Amino acid sequence: MSLVPCGHSRPAASATLPVFRPQAPPHLLGALRGIGLSCDPAAMARRTTTTDSPLLFDIRLTPDFSLETAAKREGLWPVAGTDEAGRGPLAGPVVAAAVILDPKRIPDGLNDSKQLTAQRREVLFAEILATSTVSIASSGAARIDGTDIRKASLDAMRRAVCGLHRRPALVLADGRDVPPGLACEGRAVVKGDARSLSIAAASIVAKVARDRMMTRADGVFPGYGFALHAGYATARHRSAITLHGPCRLHRMTFRPLRPDDSAAEIVLVELP
Numbered sequence: 003m004s005l006v007p008c009g010h011s012r013p014a015a016s017a018t019l020p021v022f023r024p025q026a027p028p029h030l031l032g033a034l035r036g037i038g039l040s041c042d043p044a045a046m047a048r049r050t051t052t053t054d055s056p057l058l059f060d061i062r063l064t065p066d067f068s069l070e071t072a073a074k075r076e077g078l079w080p081v082a083g084t085d086e087a088g089r090g091p092l093a094g095p096v097v098a099a100a101v102i103l104d105p106k107r108i109p110d111g112l113n114d115s116k117q118l119t120a121q122r123r124e125v126l127f128a129e130i131l132a133t134s135t136v137s138i139a140s141s142g143a144a145r146i147d148g149t150d151i152r153k154a155s156l157d158a159m160r161r162a163v164c165g166l167h168r169r170p171a172l173v174l175a176d177g178r179d180v181p182p183g184l185a186c187e188g189r190a191v192v193k194g195d196a197r198s199l200s201i202a203a204a205s206i207v208a209k210v211a212r213d214r215m216m217t218r219a220d221g222v223f224p225g226y227g228f229a230l231h232a233g234y235a236t237a238r239h240r241s242a243i244t245l246h247g248p249c250r251l252h253r254m255t256f257r258p259l260r261p262d263d264s265a266a267e268i269v270l271v272e273l274p
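Quick note, the sequence shown lines up with residues 3 to 274 if you use the working numbering.
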């Protein structure tokens with residue numbers, strides 16, 4: 003038995019209860035209409051707007067030379083930037099580059115290699131080699147499988163720095179880790195290829211060098227399409243592995259190539 007408060011009757015089942023609809027004050031409505039806005043919920047749901055105050059993570063960083071300049075004021079000069087390319091593919095090496103830029107001859111348009119077209123990367127690659135001190139090193143599939151991709155990447159970065167014919171006083175390394183075993187001070191720079199021109203230059207050199215390696219690998223191991231996808235897990239690459247099986251460029255510790263994941267599905271990824 004349900005209880006009804008004294009002096010109140012239960013509304014009929016068919017009765018329509020009033021709905022409270024909040025209404026903005028007239029002066030506020032006028033102000034909103036004046037800038038093209040409405041307090042009507044239906045209208046607000048239909049309207050899409052943009053903001054002139056983007057969120058922090060929507061702001062694209064542009065690399066500059068401020069980290070290098072600050073290091074010079076500390077007495078740390080020259081400064082090298084180092085970065086790698088090819089951590090994610092199923093096949094091929096991870097390639098690292100180290101670059102010491104000449105402050106008076108910095109190529110225009112240096113940026114994170116992922117933000118540049120392949121054609122623009124090639125142009126900048128040539129300019130960097132002509133104006134800067136550059137070294138390249140790589141870790142192949144065997145080294146990656148023998149350790150792990152993180153250690154193999156950091157080792158390639160270390161060897162790239164060691165290969166510079168000018169000894170840097172400071173190394174700016176892209177990411178969260180400093181390559182162990184450096185002969186000088188190292189500093190990790192998160193999103194460094196979008197913050198430091200030296201790291202951006204290294205990212206371009208590493209990317210172009212690796213792409214060229216994979217193009218040559220396509221002639222040695224035809225049928226996989228390495229010149230097209232550079233070893234990433236594209237649909238064509240997945241099909242080629244199914245058809246031909248892996249070759250010695252494939253990273254057998256990466257899913258789905260490792261033995262315990264032989265039945266696993268290969269994840270399709272976008273090319274960088």
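All C-beta atoms in this analysis are idealised placements derived from N, C-alpha and C, irrespective of residue type, glycine included.
Everything numeric in this text was worked out from a predicted model, so none of it was measured.
Distance check for residue j and residue i, CA to CA, integer angstroms please.
i    : j    : result
L174 : C186 : 11 Å
R238 : A139 : 28 Å
R218 : E86  : 19 Å
D195 : Y226 : 30 Å
R257 : A72  : 42 Å
G247 : A144 : 17 Å
V222 : W79  : 42 Å
Apart from the five residues on each side of it in sequence, which residues of its chain come closer than 6 Å, Cβ to Cβ, to residue i?
i    : result
D220 : F228 and A229
T135 : I102, L166 and R168
H231 : H239
S137 : A100, A162, G165 and L166
A265 : Interpretation of A265 is limited by its pLDDT of 40, a score under 50 that renders its predicted location unreliable; no figure is taken from the coordinates.
With H, G and I counted as helix, E and B as strand and the rest as coil, what does DSSP make of residue i?
i    : result
S134 : coil
A143 : helix
H246 : helix
H167 : coil
V222 : helix
L126 : helix
D213 : helix
P181 : coil
R260 : coil
Can you name the residues that DSSP bridges to residue i?
i    : result
G188 : V173
S198 : D66
H252 : A93
Leaving aside the five residues before and after residue i along the sequence, list all residues of the same chain whose C-beta is less than 7 Å from its C-beta, in chain order.
i    : result
L259 : L92, P248, H252 and R253
| query | Where are the beta strand (DSSP E) runs, 3 residues long or more, that stay fully inside the region 66 to 92, in chain order? | reply | Residue ranges of uninterrupted beta strand (DSSP E) with 3 or more members, entirely inside the region 66 to 92 and ordered along the chain, are 81 to 87.
| field | Any beta strand (DSSP E) of 3 or more consecutive residues that is wholly inside the region 94 to 120 | value | 96 to 102, all fully within the region 94 to 120.
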